[in-house]
Amino acid sequence: MSSILLRNVILDGSPVNVRIEGNRFQSISQSVPAESADETLDAHGAMAILPAFYNAHTHAAMSLLRGFADDLDLFDWLSNHIWPVEARLANEDVYAGTRLAILEMIKSGTVFFNDMYWRGRQVVKAAEDMGMRACVGILRQTMGNPAFLPMLDNDWLLENRNNLSDRIQISVAPHAIYTTTEEILRDVADTAKKYGLVIHTHLAETKKEFDDCMEQHGMTPTAYVDHCGILTDKTILAHSVALTDEDIELLAERRSVLVHMPVSNMKLVSGHFRYDSAALFAKCRWAIGTDGASSNNSLSMLGEMKTAALRGKDLTGDPKAMKAADVFRAATRSGAEAFGIDAGVIEEGRLADCILVDLNNHNLVPGFNLISDMVYAADSSCIDTVVCDGRILMRGGHVDGEEEIIAEARDAAKRLTSK
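So the number in my numbering is just where the residue sits in the sequence shown, counting from 1, plus 45.
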């Protein structure tokens with residue numbers, strides 16, 4: 046079993062030595078370690094150890110479409126620009142795009158992403174190859190376009206769900222209520238229950254979705270998916286902006302997880318999280334995600350945290366709303382807990398996911414409050430080292446093979462859009 050010693054790192058303001066044995070934190074102590082490790086990294090008291098980030102909703106391979114179709118309405122953006130290009134995606138494109146996304150996420154301190162996209166087998170391969178954690182969706186969607194059918198690796202994902210590394214989970218992922226049917230949603234609920242899988246879907250993403258659902262089903266989107274059996278304590282709901290007070294009470298009762306993505310919501314003018322609802326934050330489980338790089342356009346959880354905090358203060362008119370500590374927890378521990386990952390906090394016995402941040406980086410000086418600095422001031426240049434599942438994925442700001450990953454992604458994007 047391999048071991049790593051993180052020597053002289055700052056935890057909660059004090060220098061400690063952190064020993065990782067296998068994939069867990071074995072010991073955290075201020076005493077000088079007597080035993081050696083397979084690998085030692087000495088921070089010399091100049092780097093702090095923090096939980097890594099868990100991106101609760103994204104479409105990783107859409108990194109290939111960053112900046113491709115900006116400044117459009119959501120349904121125009123999807124129907125007339127994104128879906129036509131996605132119909133051309135080959136296996137190598139999804140693999141290259143996912144690796145580019147993982148590179149960006151590692152560089153900004155993320156060790157897990159919850160993905161919904163085509164060709165899920167390639168997403169699994171990219172995550173496995175790069176040492177990342179991921180939850181990969183069995184995508185359920187009716188598009189009326191036969192070009193998309195070969196892109197579904199659903200059978201493979203379901204059949205191989207128990208043959209993957211412990212870092213990889215499989216979810217059932219109906220795209221949204223406006224791209225599925227009640228029959229599909231009920232089948233999703235049955236499949237998730239049968240195999241103990243997470244359900245991952247977009248929900249209440251826009252006012253239009255809300256109004257259309259009320260007209261077609263006589264229920265809010267939240268009530269409709271509950272009617273179909275979708276809302277459980279293992280359900281992840283992306284966006285969730287068009288919610289009534291009754292919806293919030295129902296979501297709290299079901300213990301489903303709301304994923305807040307303020308940058309994407311603002312860019313597409315989809316709506317905003319119910320910052321005004323004390324019940325939401327008191328009763329509901331929530332985490333933070335980035336959405337895809339085509340609708341954000343960044344996969345940095347640092348930017349997402351800052352936007353979430355500022356958006357909440359601005360909309361409520363209350364500077365005490367969305368405090369830095371609450372937002373940071375949503376991006377770390379709450380995200381891990383939503384997917385049953387025993388991480389998100391630096392404690393002995395927990396899975397060894399962490400980041401080391403450079404306390405001498407100009408963004409973190411003078412350093413009165415590290416968590417506030419991470420939410421309001423930090424960018425990816427602050428992150429020196431990233432550890433996932435006891436393996437160092439980035440050291441000194443560099444990821445092995447990053448030049449090749451960037452070159453392959455650029456070629457893939459050019460192939461897709463030149464057609």
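Yeah, the Cβ is synthetic: ideal placement off N, Cα and C, and Gly gets one too.
Rounded separation between residue i and residue j - CA only
| i | j | result |
| --- | --- | --- |
| D403 | T187 | 47 angstroms |
| H247 | S301 | 13 angstroms |
| I183 | M161 | 8 angstroms |
| L325 | S379 | 15 angstroms |
| D211 | D121 | 39 angstroms |
| P266 | I333 | 21 angstroms |
| I281 | V243 | 7 angstroms |
| R64 | Q71 | 6 angstroms |
| M107 | S343 | 11 angstroms |
| I428 | A93 | 10 angstroms |
| Q75 | R52 | 10 angstroms |
| T377 | E349 | 12 angstroms |
| L409 | M419 | 8 angstroms |
| E291 | L134 | 40 angstroms |
| P96 | A297 | 26 angstroms |
| R330 | G58 | 29 angstroms |
| A388 | S463 | 42 angstroms |
| N341 | R178 | 21 angstroms |
| D232 | L203 | 14 angstroms |
| L109 | R455 | 8 angstroms |
| F98 | A369 | 14 angstroms |
| A422 | D371 | 16 angstroms |
| M264 | Y320 | 23 angstroms |
Candidates the options, of which the one nearest residue i by Cα
| i | options | result |
| --- | --- | --- |
| V270 | A249, H284, K459, F120 | A249 |
| R436 | H317, A397, F318 | A397 |
| S48 | G58, G67, S59, V63 | G67 |
| A91 | Q261, T430, K279 | T430 |
| D116 | K253, L109, M107, H126 | H126 |
| L209 | N199, A221, E173 | E173 |
| M439 | M306, V156, W128, P60 | V156 |
| S153 | L86, A237, V444, K238 | V444 |
| E453 | R374, E294, A171, S340 | A171 |
| M175 | F413, L50, T143 | T143 |
| H220 | I213, N205, T236, W163 | W163 |
| D257 | T224, L203, G394 | T224 |
| E131 | E393, M150, A105 | A105 |
| G274 | K252, A283, R299 | R299 |
| T251 | K358, H317, L295 | H317 |
| M306 | N62, T236, V54, S285 | S285 |
C-beta atoms of residue i and residue j nearer than 8 angstroms
| i | j | result |
| --- | --- | --- |
| T352 | V308 | yes |
| A287 | H245 | no |
| H102 | V432 | no |
| L355 | D424 | no |
| G241 | D198 | no |
| I215 | V168 | no |
| N100 | T277 | no |
| G222 | E260 | Note that residue 222 is Ile in the sequence shown here, rather than Gly. Cβ distance not < 8 angstroms, so I222 and E260 don't count as in contact. |
| L56 | P78 | no |
| R111 | A338 | yes |
| S315 | L119 | yes |
| I386 | C399 | no |
| E393 | I73 | yes |
For residue i, three-class secondary structure by DSSP
| i | result |
| --- | --- |
| T225 | coil |
| M150 | helix |
| R111 | coil |
| H220 | coil |
| E393 | coil |
| N53 | strand |
| G442 | coil |
| C433 | strand |
| E448 | helix |
| T267 | helix |
| E254 | helix |
| L415 | helix |
| Q186 | coil |
| I275 | coil |
| F465 | Shown here, the chain extends from 46 to 464; a query on residue 465 therefore has no answer. |
| V402 | strand |
| A141 | helix |
| D83 | coil |
Start and end residues, beta strand (DSSP E) containing residue i
| i | result |
| --- | --- |
| V63 | 59 to 66 |
| S72 | 69 to 74 |
| A338 | Careful: A338 lies outside any beta strand (DSSP E) and carries neither H nor E. |
| T207 | Sequence check: residue 207 is Asn here, not Thr. Per DSSP, N207 belongs to no beta strand (DSSP E) and is neither H nor E. |
| S156 | The question names Ser, but residue 156 is Val in the sequence shown. That run of the beta strand (DSSP E) goes 155 to 160. |
Run of the alpha helix (DSSP H) containing residue i, from where it starts to where it stops
| i | result |
| --- | --- |
| R166 | 165 to 175 |
| E294 | 290 to 299 |
| M346 | 346 to 361 |
| V311 | A small fix is needed here, since residue 311 is Met in this sequence, not Val. Run containing M311: 307 to 312, per the alpha helix (DSSP H) assignment. |
Cβ of residue i within 8 angstroms of any chain B Cβ
| i | result |
| --- | --- |
| E349 | No chain B appears in the structure shown, which is made up of a single protein chain. |
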